[in-house]
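To start, the structure itself, in structure tokens.
Number of protein chains: 2
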Amino acid sequence: MYQIYAKFTVKDDSTDEVLAVLGELIDETRREPGNISYQLFQSTGDPTILTVFEQWKDQEAIDAHNASAHFNKALTALEPYHAAPPVIEVYTLVR
Amino acid sequence: MYQIYAKFTVKDDSTDEVLAVLGELIDETRREPGNISYQLFQSTGDPTILTVFEQWKDQEAIDAHNASAHFNKALTALEPYHAAPPVIEVYTLVR
Numbered sequence: 215m216y217q218i219y220a221k222f223t224v225k226d227d228s229t230d231e232v233l234a235v236l237g238e239l240i241d242e243t244r245r246e247p248g249n250i251s252y253q254l255f256q257s258t259g260d261p262t263i264l265t266v267f268e269q270w271k272d273q274e275a276i277d278a279h280n281a282s283a284h285f286n287k288a289l290t291a292l293e294p295y296h297a298a299p300p301v302i303e304v305y306t307l308v309r
Numbered sequence: 215m216y217q218i219y220a221k222f223t224v225k226d227d228s229t230d231e232v233l234a235v236l237g238e239l240i241d242e243t244r245r246e247p248g249n250i251s252y253q254l255f256q257s258t259g260d261p262t263i264l265t266v267f268e269q270w271k272d273q274e275a276i277d278a279h280n281a282s283a284h285f286n287k288a289l290t291a292l293e294p295y296h297a298a299p300p301v302i303e304v305y306t307l308v309r
């Protein structure tokens, strides 16, 4: 099982726009057969930090997600709002 | 609901020792009533990066965990093995 951590630091006045884009992405992604969970969290210390915590069945599921129309549409839609480069980390379960 | 991301970068030759400490901590923590999940993952790109992804019911549950004997014992036991300062991030669920 895989965990992806996708951290977005967004411009101060763009949180609503980003939440709208991510909301649509969440709905579509949770319908993907290889997705286990896909949850959006906000930093308690900094509301401009929005991080998606994702769990996936296997690498094939991640590849399918990365190739999907909804994922690529969201990536493009988010481009104007980044205040820092996104941080993406990929993990496998130890226990 | 809260998410905690606790990222440890450990010295090259210490992964086994760190996994032993974290294994004991995982067993104890999952028994805490306010813990929802507590999972240990390893970076796919760097085996010395070990991250615990934690979900908690509320702030009181986090406070109780931070005050617990098993948590503080593990913190002390991990001290010799850090290759970089741990990164701890705290989040609340958006959706």
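In order, the protein sequence lines correspond to chains W and Y. Its first residue numbered 215, the first sequence is counted upward by one per residue in our numbering. Its first residue numbered 215, the second sequence is counted upward by one per residue in our numbering. Yeah, the Cβ is synthetic: ideal placement off N, Cα and C, and Gly gets one too. Note that the structure is predicted; figures quoted are calculated from it, not measured.
Sequence-distant residues of its chain with Cβ nearer than 8 Å to Thr262 of chain Y (five each side left out)
Cβ within range, chain order: Thr223, Val224, Lys225, Asp226, Thr229 and Ala297.
Looking only at C-alpha atoms, which of Y:Gln217, Y:Val235 and Y:Ile218 sits nearest to Glu293 of chain Y?
Y:Val235
Run through DSSP, which three-state label would Lys287 of chain Y get?
helix
Please list the partners that Arg309 of chain W has in chain Y, where partner means a Cβ-to-Cβ separation under 8 Å.
Gly237, Ile240, Gln253 and Leu254
Taking DSSP's pairing of strands, which residues face His296 of chain Y in a bridge?
The partner list for His296 of chain Y (beta bridge, DSSP) reads Y:Val224.
Taking just the CA atoms, how far does Ala220 of chain W sit from Val308 of chain W?
19 Å
Whose C-beta lies closer than 7 Å to the C-beta of Glu231 of chain Y among residues of the same chain, with five residues either side of it excluded?
Tyr295
For Val301 of chain W, name the three-state secondary structure that DSSP assigns.
strand
Starting from Val308 of chain Y and walking both ways along the alpha helix (DSSP H), at which residues does that stretch end?
It is not in any alpha helix (DSSP H) - Val308 of chain Y carries neither H nor E in the DSSP assignment.
Along the chain, where does the beta strand (DSSP E) containing Glu268 of chain Y start, and where does it finish?
Ile263 to Trp270
Cβ of Glu303 of chain Y less than 9 Å from any chain W Cβ?
yes
Separation of Ala275 of chain W from Thr258 of chain W, as counted between CA atoms
30 Å
Does the ligand HEM have even one heavy atom less than 8 Å from the beta-carbon of Ile302 of chain Y?
You won't find the ligand HEM in this model; it holds no ligand whatsoever.
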